[in-house]
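This report refers to the structure that appears directly beneath it.
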Amino acid sequence: MWNLKRLDLTEMPVPVTSSITSVKISSASQADILALERHQSTSTGTGRVHLSIHTNRTGSLRKDKMYAVWVAALLLLTAVRLTSGAKETVVVVYAQLGQPAQFLTDPSQLKDGFYRRWYFAEKFSGPYEEMFFRHSLGQSQITPSWKDWIQVSDDDSLTLKNVNDSNFAYFKYELKEKQDKSIDSVYKLHKVTLTPNPSSAVLYGQSLTLTCDVQTSQVSTTITWIRPKTADEARKTRGSGGKILPIEKVSWRDEGVWTCSVHYDRRTSNATTTVRVVDLSPAPSEPVYTSASTAPLGLPCSLVSPVEWKEVRSKGLQGGNWSYVPASDPRAGPRVLATLSLEPTLQWTIPAGSKMDGSALQKAPQGNNLSLSKKEVTAQDRGTYTCALSFGKGVHLMRAIKVEVLQVLVLPNSKMFEGQRVNLTCTLGPGGGDLGDLEVKWVPPKAASLPSLGPPPHPASLSIPKASVGHSGTWKCELWRKDTRLTYASLPLKIERVPVDVWLWVGIASTGLIIILLIFIGRSLVKRFRQRRPPRRKTRFCCCNNPKPQKGFYRT
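Under UniProt numbering, think of the first position of the sequence shown as 1, with each following residue one higher.
Here it is as structure tokens:
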């Protein structure tokens with residue numbers, strides 16, 4: 001008789017592709033057979049493993065210590081192999097809460113006639129909820145409850161649009177040809193969390209710590225950090241491989257999106273966070289070019305991050321101001337253009353007569369626009385403008401902006417007449433600096449003709465040898481840097497005809513009057529002379545009806 005004694009390893013996940021069928025143990029005195037029977041559950045993809053020991057003896061198992069050691073070792077080895085095999089079938093995917101997650105498939109497995117499905121379950125053992133169905137002929141359907149949450153590509157890769165807390169579970173992809181043939185792939189979504197400390201905005205000069213927490217899985221992971229493009233190069237050489245990244249003495253360069261990149265199993269998943277810094281935006285690297293023709297003058301200044309003033313004031317804001325140092329007298333002390341008032345509402349207090357406008361502070365959505373504008377621009381506005389904020393503990397934020405005013409100067413600067421030589425000069429003045437890499441483009445009036453002008457770029461000084469009335473109109477000088485027009489200045493030019501001497505006109509008019517008067521007098525004298533001469537009798541001749549010729553002359 002053969003007796004059977006069975007040991008069960010229940011609820012043990014077994015790989016779908018497991019090929020373990022039986023193991024045999026034999027000895028010199030007796031042969032025992034150890035069989036592993038696997039029963040796969042078609043609904044969950046797992047099964048129950050039964051470990052049976054068969055012997056040819058009718059009594060209980062031999063109480064031999066060596067025999068017990070062999071059985072215990074075999075049981076332990078089998079359990080370890082089954083457990084490790086189950087982990088190898090689960091594909092690990094990492095994602096951040098609120099970000100998309102992608103589950104990639106193997107397109108080489110797709111064949112005609114296959115049914116493809118995606119399932120979701122909170123546990124490996126199920127139950128599994130169907131999310132998506134597709135047939136190779138083109139029919140596809142997304143379960144209504146998942147319609148707004150997933151997207152499936154042509155190769156069946158699944159994308160979760162916005163990961164929430166309940167999505168950190170199991171996803172199964174089923175590729176089935178017939179009822180008894182299927183290829184299953186199980187995915188486990190793990191969480192990556194990137195946390196800044198402090199979580200609020202950081203004042204310039206303070207420190208910040210970023211922590212990247214990666215949920216443990218059966219795959220090994222490595223971490224690298226990706227900084228904003230504006231980050232200081234020196235920061236890129238420190239703390240590139242650990243889960244904690246310290247950032248000391250933050251500035252506007254550290255503002256932006258920081259990324260924790262998790263590398264695992266030849267894949268990469270990113271977790272991001274936005275660092276907000278209470279600091280002024282960098283000042284323009286080049287001067288602000290303006291002119292009277294392009295007024296108003298804009299003086300840019302703002303906080304680098306969209307931080308509400310309530311949070312800015314919590315950092316110890318004490319005040320702020322705009323000041324100006326003229327280029328014509330750089331030794332003179334700065335002149336205050338506006339003062340930041342904190343109460344009752346945040347606004348710029350501007351002295352009367354300065355013609356400055358600080359309304360941008362109230363118009364900005366976050367209230368972080370500290371810019372000023374000047375309605376009218378003159379050559380005296382050339383100089384350096386400084387925007388400043390003061391905080392407690394000696395923290396001062398300042399940005400200096402250089403302003404250049406473009407002008408068109410004309411010589412002679414009095415009235416200009418036809419035939420004169422007229423000189424036009426495009427300058428940053430008065431006493432403006434060198435144009436450097438800037439280019440000048442002259443735009444004459446439409447009716448003006450100046451063949452010597454040629455194509456741009458043009459010289460800063462332009463000469464009209466013989467001005468005419470046709471050169472009258474608005475002359476425009478444009479200032480360019482490569483393909484960008486920085487500003488322009490206009491000058492209305494009026495060329496008049498050469499004036500004739502007034503006394504010459506008086507002489508000509510007088511001469512004409514005298515000639516006319518002489519003619520009149522002469523005619524009057526001739527007429528009077530004729531009137532004074534005695535009248536002559538008229539000779540009367542006889543007129544006959546039938547005159548007869550007479551010889552000689554005779555009186556009647």
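Think of the CB as a built atom: it goes at the ideal place given N, C-alpha and C, for glycine as much as any other residue. Computed from a predicted structure; not experimentally measured.
- Query: Going by alpha carbons, who is nearest to T193 out of P334, Y115, G98 and W505?
  - Reply: G98
- Task: Taking V224 and H263 to be in contact with their CB atoms under 8 Å, please state how far apart those CB atoms are, rounded to whole angstroms.
- Result: Correcting the residue type first, residue 224 is Thr in the shown sequence and not Val. At roughly 7 Å, the Cβ-Cβ gap stays under 8 Å, so T224 and H263 are in contact.
- Assigned secondary structure, G258 (DSSP; H/G/I helix, E/B strand, else coil): The sequence given here has Trp at residue 258, not Gly. Reduced to three states, the DSSP call for W258 is strand.
- Measure the alpha-carbon distance for L203 versus T384 and round it to whole angstroms. 26 Å
- Message: DSSP has K415 in a bridge; who is on the other side?
- Response: K415 is not bridged to any residue.
- Item | C-beta contact flag for E439 and P455 at 8 Å | no
- Message: By DSSP's criteria, A338 is part of a beta bridge. Which residues make up the other side?
- Response: W322
- Item | Length of the line joining the Cα atoms of W252 and G392 | 19 Å
- Query: Which term fits G419, buried or exposed, when burial requires 16 or more other beta carbons within 10 angstroms of its beta carbon?
  - Reply: exposed
- Whole-Å CB distance - A292 paired with T425, under 8 Å assumed: A292 to T425, Cβ: 16 Å. No contact.
- Item | Cβ separation of Y173 and T105, assumed to be a contact under 8 Å, to the nearest whole Å | 6 Å
- Item | DSSP-derived helix/strand/coil call for V408 | strand
- Message: For S281, which residues in the same chain have their Cβ closer than 6 Å to its Cβ, ignoring the five residues on either side in sequence?
- Response: S302 and V304
- Where the alpha helix (DSSP H) through E130 begins and ends: Taken as a continuous stretch (DSSP letters only), E130 belongs to no alpha helix (DSSP H), being part of the beta strand (DSSP E) at E129 to H135.
- Among the residues of its own chain, which have a CB less than 6 Å from the CB of S461, if the five just before and after it don't count? T425
- Message: Taking the alpha helix (DSSP H) that A360 belongs to, which residues open and close that run?
- Response: A360 to K363
- Task: From the DSSP output, read off the bridge partner residues of G298.
- Result: S373
- Per DSSP, E439 forms a beta bridge with which residues? W480
- Query: With respect to the alpha helix (DSSP H) encompassing V312, which residues constitute its N-terminal and C-terminal limits?
  - Reply: W309 to R313
- Message: Relative to the C-alpha of T273, which candidate in L486, L525 and C212 has its C-alpha closest?
- Response: C212
- Message: Whole angstroms are fine: how far does the CA of R117 sit from the CA of L158?
- Response: 11 Å
- Message: I'd like the list of long-range same chain contacts for F132, defined as Cβ closer than 6 Å, with 5 residues on each side in sequence excluded.
- Response: W118, I142 and V152
- Do you know whose CA, among V469, P326, P444 and E308, lies nearest A201's CA? E308
- Message: Restricting to Cα atoms, I'd like to know which of Q215, N164 and R134 is closest to Y94.
- Response: Q215
- From the DSSP output, in three-state form, read off W149 for me. coil
- Helix, strand or coil for G522 per DSSP? helix
- In this structure, does DSSP put K402 in helix, strand or coil? strand
- Item | 7 Å CB neighbourhood of V498 in its chain, flanking five on each side removed | F417, E418 and G419
- On the premise that S371 lies in contact with P444, defined as a C-beta separation below 8 Å, what is that separation, rounded to the nearest angstrom? That belief does not hold up - the Cβ atoms of P444 and S371 are roughly 35 Å apart, past 8 Å.
- Task: Would you tell me roughly how many angstroms separate the C-alpha atoms of N270 and D437, rounded to the nearest one?
- Result: 43 Å
- Message: Going by DSSP in three states, G470 sits in which element: helix, strand or coil?
- Response: helix
- Item | Best match in Y115, D483 and N197 for proximity to V277 [C-alpha to C-alpha] | N197
- For K191: DSSP bridge partner residues: A95
- Task: Would you decide whether I247 is buried or exposed? Buried here means 16 or more other CB atoms lie within 10 Å of its CB.
- Result: buried
- Message: Quick check on the burial criterion: 16 or more other C-beta atoms within 10 angstroms. Buried or exposed for Q362?
- Response: exposed
- Query: So, helix, strand or coil for S41, using DSSP?
  - Reply: Annotation note: pLDDT 33 at S41 (below 50); position unreliable, coordinate value reported separately. In the structure shown, S41 sits in coil (DSSP, three-state: anything other than H, G, I, E or B).
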